[in-house]
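Chains A and B, in that order, give the protein sequences. Its first residue numbered 1, the first sequence is counted upward by one per residue in UniProt numbering. Its first residue numbered 1, the second sequence is counted upward by one per residue in UniProt numbering. Beta carbons: idealized from backbone N, C-alpha and C, even for Gly. One structure is given here, and the rest of the page talks about it.
Protein chains: 2
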Amino acid sequence: MTAKASRTPLSRERVLAAAVALVDSEGIQALTMRRLAADLGVEAMSLYYHLPAKEALLDGVVETVLAEIDAATAGSPANGDDWRARIRRQFLAARQVMLRHPWMPGLLSTRRTIPPRVFAYYDGILGVMIDAGFSYRLAHRALHAFGSMPLGFVQEIFSPGAADGGAEDGASEAELAALAQQMPHLAAMMAAEMHDSADPTLGWCDGQVEFEFTLDLLLDGLERLRA
Amino acid sequence: MTAKASRTPLSRERVLAAAVALVDSEGIQALTMRRLAADLGVEAMSLYYHLPAKEALLDGVVETVLAEIDAATAGSPANGDDWRARIRRQFLAARQVMLRHPWMPGLLSTRRTIPPRVFAYYDGILGVMIDAGFSYRLAHRALHAFGSMPLGFVQEIFSPGAADGGAEDGASEAELAALAQQMPHLAAMMAAEMHDSADPTLGWCDGQVEFEFTLDLLLDGLERLRA
DNA sequence: TAAGGTAACTTACGATGTAAGGTGGGGGCA
DNA sequence: TGCCCCCACCTTACATCGTAAGTTACCTTA
Numbered sequence: 001m002t003a004k005a006s007r008t009p010l011s012r013e014r015v016l017a018a019a020v021a022l023v024d025s026e027g028i029q030a031l032t033m034r035r036l037a038a039d040l041g042v043e044a045m046s047l048y049y050h051l052p053a054k055e056a057l058l059d060g061v062v063e064t065v066l067a068e069i070d071a072a073t074a075g076s077p078a079n080g081d082d083w084r085a086r087i088r089r090q091f092l093a094a095r096q097v098m099l100r101h102p103w104m105p106g107l108l109s110t111r112r113t114i115p116p117r118v119f120a121y122y123d124g125i126l127g128v129m130i131d132a133g134f135s136y137r138l139a140h141r142a143l144h145a146f147g148s149m150p151l152g153f154v155q156e157i158f159s160p161g162a163a164d165g166g167a168e169d170g171a172s173e174a175e176l177a178a179l180a181q182q183m184p185h186l187a188a189m190m191a192a193e194m195h196d197s198a199d200p201t202l203g204w205c206d207g208q209v210e211f212e213f214t215l216d217l218l219l220d221g222l223e224r225l226r227a
Numbered sequence: 001m002t003a004k005a006s007r008t009p010l011s012r013e014r015v016l017a018a019a020v021a022l023v024d025s026e027g028i029q030a031l032t033m034r035r036l037a038a039d040l041g042v043e044a045m046s047l048y049y050h051l052p053a054k055e056a057l058l059d060g061v062v063e064t065v066l067a068e069i070d071a072a073t074a075g076s077p078a079n080g081d082d083w084r085a086r087i088r089r090q091f092l093a094a095r096q097v098m099l100r101h102p103w104m105p106g107l108l109s110t111r112r113t114i115p116p117r118v119f120a121y122y123d124g125i126l127g128v129m130i131d132a133g134f135s136y137r138l139a140h141r142a143l144h145a146f147g148s149m150p151l152g153f154v155q156e157i158f159s160p161g162a163a164d165g166g167a168e169d170g171a172s173e174a175e176l177a178a179l180a181q182q183m184p185h186l187a188a189m190m191a192a193e194m195h196d197s198a199d200p201t202l203g204w205c206d207g208q209v210e211f212e213f214t215l216d217l218l219l220d221g222l223e224r225l226r227a
């Protein structure tokens with residue numbers, strides 16, 4: 001009844017696509033075998049005909065998103081460009097994908113093995129630097145310095161909503177004042193910046209401006225070392 | 001029998017200390033309420049008298065490690081120092097703590113709220129930069145650029161053991177050659193660097209050298225912008 | 001039409017977090 | 001001294017999860 005959409009016969013790809021859609025709309029904790037199966041109009045155990053275990057499902061979800069990044073960044077930007085421009089464009093394109101899947105960093109960090117696709121992806125970035133005259137040593141260090149930025153995100157500590165704030169959000173004025181006294185610099189900075197509204201982008205707070213600032217800081221530093 | 005060590009009457013602190021010890025020795029997946037209780041010579045439900053839920057336990061574990069970082073970095077390095085030297089010393093001290101608790105980055109990333117201690121900690125770093133003449137804007141950007149480095153770790157993609165490599169580690173020569181052909185630059189870099197053995201430090205591969213290189217890259221770039 | 005395999009379903013088990021209520025003993029108060 | 005109560009721990013039980021084992025329906029092929 002209720003839309004027995006499963007006329008098509010289920011497959012690894014259909015399962016993975018449904019999983020990504022489910023996680024996008026309801027979060028990673030909603031991704032259970034039973035729930036995913038229900039979304040597909042099927043029983044939980046049927047998924048095991050196409051995937052050996054839940055870990056494999058999660059691996060597949062990661063790989064699906066990686067493929068999306070590959071596709072988004074594949075538009076080889078023609079050569080003749082500055083190495084910085086090429087890398088910049090690629091990282092920012094990856095970031096657009098990650099903004100659609102803010103749960104990806106957390107999921108990726110739980111994978112025990114690195115998907116082969118990641119190696120190929122980083123190989124391309126490495127190639128750009130080698131072409132630009134980087135030594136292997138410097139390029140190696142650069143890859144480490146980039147961290148996860150090639151995939152479009154950064155490890156952000158300040159993202160989960162807000163502080164552990166006491167009780168409801170109706171924190172008393174007194175409490176706030178006491179807090180500000182404990183962290184005078186942060187308080188002053190927030191006052192000075194006012195942080196125009198909030199930019200609650202990625203689950204890992206990842207404002208476009210901050211991302212680009214950090215990226216340029218690294219790129220310019222590397223350019224100086226390259227010379 | 002077997003050492004009914006629970007002569008002391010259990011407390012939030014004792015529970016948290018036992019939890020940290022358990023995770024240190026057997027990994028985060030070993031931290032279940034029943035197992036933790038058993039380690040304490042107690043039944044699972046007894047823990048709930050001291051903690052409202054498992055999430056609170058995890059929060060407490062995080063806070064325990066943060067306190068350890070605070071203690072390790074509290075040695076106020078006296079003033080008169082270069083701002084870069086002060087920050088460098090602090091981040092590297094934090095890293096020493098994180099090396100003892102390689103599971104911390106992953107756990108921290110699952111917390112929904114930021115522990116207040118983190119704010120105070122970052123406030124101190126911010127203070128160093130403000131003292132050095134940073135504008136609030138630049139200091140703000142710098143905090144984002146640092147990411148998790150103040151806590152002593154970086155988001156590392158290349159850490160989980162190795163590749164998703166096919167089957168056993170006895171990958172055939174032919175397979176290896178094919179792989180190398182798919183990622184020529186990585187293969188060449190590994191050949192050039194040989195990566196003297198491995199430095200399997202953090203769960204987030206985080207060699208001391210790479211960490212310091214990245215940190216100096218950021219610090220030098222910021223120093224240039226500060227002037 | 002019979003056989004066989006493919007792709008689904010049913011049932012059940014062990015692990016986990018935790019709600020609900022039980023228990024025992026030590027300290028406060030009469 | 002005797003009584004009571006409540007603190008800190010225990011017992012039992014349940015919902016949810018991943019998944020092992022076995023079953024059924026259908027489609028293809030002979």
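Measure the alpha-carbon distance for residue i versus residue j and round it to whole angstroms.
i                     : j                     : result
residue 224 (chain B) : residue 217 (chain A) : 10 Å
residue 21 (chain B)  : residue 105 (chain A) : 27 Å
residue 54 (chain B)  : residue 144 (chain A) : 35 Å
residue 132 (chain A) : residue 34 (chain B)  : 56 Å
residue 208 (chain A) : residue 127 (chain A) : 26 Å
residue 8 (chain A)   : residue 14 (chain A)  : 9 Å
residue 230 (chain B) : residue 181 (chain A) : The requested residue 230 (chain B) is not part of the displayed model; chain B covers only 1 to 227.
residue 130 (chain B) : residue 210 (chain B) : 27 Å
residue 134 (chain A) : residue 142 (chain A) : 10 Å
residue 29 (chain A)  : residue 109 (chain B) : 14 Å
residue 220 (chain A) : residue 51 (chain A)  : 45 Å
residue 184 (chain A) : residue 226 (chain B) : 21 Å
residue 191 (chain B) : residue 177 (chain B) : 13 Å
residue 31 (chain A)  : residue 25 (chain A)  : 10 Å
residue 138 (chain B) : residue 89 (chain B)  : 21 Å
residue 193 (chain B) : residue 222 (chain B) : 29 Å
residue 66 (chain A)  : residue 23 (chain B)  : 31 Å
residue 212 (chain A) : residue 27 (chain A)  : 27 Å
residue 179 (chain B) : residue 179 (chain A) : 55 Å
Tell me, to the nearest whole angstrom, how far the beta carbon of residue i is from that of residue j; I am working on the premise that it is less than 8 Å.
i                     : j                     : result
residue 99 (chain A)  : residue 60 (chain A)  : No, residue 99 (chain A) and residue 60 (chain A) are not in contact; Cβ-Cβ is about 21 Å, not under 8 Å.
residue 186 (chain B) : residue 122 (chain A) : 7 Å
residue 140 (chain A) : residue 149 (chain B) : Not really, about 19 Å apart at Cβ, beyond 8 Å.
residue 239 (chain A) : residue 175 (chain B) : This structure cannot speak to residue 239 (chain A), because chain A is shown only from 1 to 227.
residue 97 (chain B)  : residue 74 (chain B)  : About 12 Å; that fails the 8 Å criterion.
So which of the options has the shortest CA-CA distance to residue i?
i                     : options                     : result
residue 12 (chain A)  : A:29, A:25, A:30 and A:63   : A:63
residue 107 (chain B) : B:58, B:48 and B:148        : B:58
residue 37 (chain A)  : A:14, A:47, A:109 and A:219 : A:47
residue 124 (chain A) : A:87, A:158 and A:103       : A:87
residue 68 (chain A)  : A:51, A:184 and A:101       : A:101
residue 154 (chain B) : B:184, B:52 and B:215       : B:215
residue 10 (chain B)  : B:31, B:24 and B:49         : B:49
residue 158 (chain B) : A:159, A:151 and A:158      : A:151
residue 228 (chain A) : A:72, A:89 and A:103        : Any question about residue 228 (chain A) goes unanswered here, given that chain A covers just 1 to 227.
residue 118 (chain A) : A:97, A:70 and A:138        : A:70
* **Touch test, the segment 109-117 of chain A against the segment 82-89 of chain A, Cβ-Cβ under 8 Å, three pairs minimum** => Taking 8 Å as the limit for Cβ pairs, the verdict is that the segment 82-89 of chain A does not touch the segment 109-117 of chain A.
* Asked: Is the segment 87-96 of chain A touching the segment 40-51 of chain A, taking contact as three or more C-beta pairs under 8 Å?
  -> Output reads no: the segment 40-51 of chain A does not touch the segment 87-96 of chain A.
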